[in-house]
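Participant: Residue numbers (the working numbering): 9 to 97. Here a beta-carbon is modelled for each residue, glycine too, at the ideal position from N, C-alpha and C. Since we're looking at a predicted model, the values are computed, not measured.
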Amino acid sequence: PIEVPATEMPEGPPLHFRWRRALYRVTRAEGPERIAAEWWRQAPGDAAASTRDYFRIEDAEGRRYWLYRQGLYGGSQAAPRWFMHGVFA
9 PIEVPATEMP EGPPLHFRWR RALYRVTRAE GPERIAAEWW RQAPGDAAAS
59 TRDYFRIEDA EGRRYWLYRQ GLYGGSQAAP RWFMHGVFA
């Protein structure tokens, strides 16, 4: 997991994130692209845990990252966690 402080818009992209002990400031973001299990295969109350929102992020240095948030904000579920999915060359 990576560390993402609370965002101004909970369902939006992060404004900053910490990865490998470095803090990155987001200057551009695309997304989210939501990936979720088929609704007819989910157990009741399980939708939030299996939902991922993917964001393409650019930092202040022009480096590009692919982050995703697993889970949804709100409800009785735990707060979503953020992960680094990849780095663009």
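Please state whether DSSP places R49 in a helix, a strand or coil.
Facilitator: Helix.
Participant: Whole angstroms are fine: how far does the CA of P18 sit from the CA of G82?
Facilitator: About 9 Å.
Participant: For R72, collect the residues of the same chain with a Cβ closer than 6 Å to its Cβ; drop the 5 residues on either side in sequence, then sort them by chain order.
Facilitator: Excluding sequence neighbours, R72 sits near E66, F96.
Participant: Look up R28 in the DSSP assignment and give the residues it is bridged to.
Facilitator: DSSP output for R28 lists no bridge partner at all.
Participant: In terms of residue numbering, what span does the beta strand (DSSP E) encompassing R95 cover?
Facilitator: The sequence given here places Val at residue 95; Arg does not occur at that position. First-last of the beta strand (DSSP E) with V95: 89-95.
Participant: Note the first and the last residue of the continuous beta strand (DSSP E) segment covering E66.
Facilitator: Its beta strand (DSSP E) spans residues 60-67.
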